[in-house]
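Undergrad: Quick one: structure below, then a few questions.
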Amino acid sequence: RFHFSFAEYRDSKRSSFGVLRVMNDDLVQPARGFGTHPHREMEIVTYIVSGQLTHKDSMGTEETLGRGSVQFMTAGTGVRHSEFNHDPEKPLRFVQMWLMPNRSGLKPNYGGREPAAPTERDGRWAHLAMPVSSKCSPDKPVPINCDANIYAAEIQPGKGLEFQVEAGRQAYVLCVEGSARVGGLGGGKLVRHDGMQAVGPGVLSFTDAKPVGSTEILDPEPGCHLLVVEMSQR
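The following block contains the structure:
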C-alpha cells in the first residue's frame with residue numbers, strides 16, 4: 063500500500079509530507095522479492111513487521127533481519143540493491159520509507175539495527191532512527207542524513223500512550239497492526255494500514271480502539287502497533 067505517489071499510484075495532493083517522500087507498506091510472498099535496482103540521493107529506512115528480509119547491495123553488504131528490526135541505506139551518489147523473502151512458506155511484510163537528505167552527493171552507506179530488547183516497543187516509543195550524530199549501535203537509533211526521527215510502539219488493551227509534536231515539527235503516523243483511537247491534533251480512529259498527518263504544537267494520545275474479544279478480520283488480536291515519522295516542518 064502506497065501512502066504517497068509512487069509507481070502507478072499518482073495523487074497530486076499526496077506527493078510528500080515534509081522530508082517524507084515515500085511510505086510503502088509491502089507484503090512479499092514466500093520465495094519472492096524485488097530484484098536488483100538502483101537508488102540515489104535518498105535516505106531509505108525499512109521497518110520489518112513480520113518475516114525475514116534479506117538485503118544485498120552493490121557495496122558488498124548482505125544481511126537478513128526480522129520483526130522489529132530496521133535496515134537503513136544512504137543512497138547518495140548511487141547504489142544498487144535487492145530485497146528478498148527467502149522463506150519458502152511465510153510471507154514478509156515491511157514498511158519502507160524514503161526521506162529526502164539534507165544534502166546531495168553523500169557517500170552510499172548501509173546499516174541494520176535489531177531490537178535492543180524484545181520488549182523495547184511495549185507501551186513506550188522505541189527510537190529507531192535519528193539525525194546523524196553518532197555511529198549506529200544496537201542500543202542507539204540508526205543515523206539518517208535528514209532532520210527526522212522514527213519511532214515505533216505497541217499498546218496493549220486498556221493502555222494508552224502519548225506523543226509530543228513540538229512547535230515547528232510535524233509527524234506522520236502509521237497504524238501497523240490493530241487499531242487505535244487518536245486524541246489531539248485532529249484525532250479520529252486508525253486501523254491497520256491507515257496513516258494520518260499531524261502538525262505541531264500539540265500532543266497525540268493513542269489508545270487501543272478494539273475491545274477484547276473483537277473479531278476484526280485484519281487483526282483478530284487486541285492492541286495496536288504504531289509507527290511515527292517525526293520531522294521539521296517544510
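Residue numbers for the sequence shown, in the numbering used here: 63 to 296. Just so you know, even glycine gets a beta-carbon here, dropped at the ideal spot from N, CA and C. If you're wondering where the values come from, they're calculated on a predicted model, not measured in any experiment.
Can you pull the DSSP bridge partners for Leu168?
TA: Bridge partners of Leu168: none, in fact.
Undergrad: Measure the Cβ-Cβ separation of Ala210 and Pro193 and say whether it is below 9 Å.
TA: Against a cut-off of 9 Å, the Cβ pair of Pro193 and Ala210 comes out as a contact.
Undergrad: Which of the three DSSP states is assigned to Gln226 in this structure?
TA: Three-state result, Gln226: strand.
Undergrad: Can Met162 and Arg231 be called in contact, C-beta distance under 9 Å?
TA: Cβ atoms of Met162 and Arg231: not closer than 9 Å.
Undergrad: Kindly confirm or deny that the region 221-229 and the region 94-104 touch, where touching means at least three C-beta pairs closer than 8 Å.
TA: In short, these stretches do not touch, since the Cβ pair count stays below three.
Undergrad: What would DSSP say about Gly275, mapped onto helix, strand or coil?
TA: Confidence at Gly275 is low in this model, with a pLDDT of 49, below 50, so the placement of that residue should be treated as unreliable; the coordinate-derived value is given next. Correct three-state label for Gly275: coil.
Undergrad: For Pro153, name the three-state secondary structure that DSSP assigns.
TA: Coil, per DSSP.
Undergrad: Candidates Val235, Pro205, Ser112: which alpha carbon is nearest Thr126's?
TA: Closest option to Thr126, Cα to Cα, is Ser112.
Undergrad: Is DSSP giving Gln91 helix, strand or coil here?
TA: In this structure, Gln91 counts as coil in the three-state DSSP scheme.
Undergrad: Can you tell me the Cα-Cα spacing of Gly167 and Lys221, whole angstroms?
TA: Using only the alpha carbons, I get a separation of about 45 Å.
Undergrad: At which residue ranges does the region 103-164 contain complete beta strand (DSSP E) runs of 3 or more residues, listed in the order of the chain?
TA: Complete beta strand (DSSP E) runs here, min 3: 105-112, 115-119, 124-127, 132-136, 141-147, 154-161.
Undergrad: What does a CB cutoff of less than 6 Å around Leu247 pick up in its chain, not counting 5 residues either side in sequence?
TA: Around Leu247: Ala260, Gly264, Leu266.
Undergrad: Do Met85 and Gly257 come within 9 Å of each other at the CB atom, strictly closer than that value?
TA: Result yes, Cβ atoms of Gly257 and Met85 sit closer than 9 Å.
Undergrad: Pro180: buried (16+ other C-beta within 10 angstroms of its C-beta) or exposed?
TA: So Pro180 ends up on the exposed side.
Undergrad: Excluding the 5 residues preceding and the 5 following Leu214 in the sequence, name in chain order all residues of the same chain whose CB lies nearer than 8 Å to its CB.
TA: Checking the displayed sequence, the identity of residue 214 turns out to be Ala instead of Leu. Excluding residues within five positions, the ones whose Cβ falls inside 8 Å are Tyr109, Gly130, Arg183, Trp187, Ala188, Leu190, Val238, His287, Leu288, Leu289, Val290.
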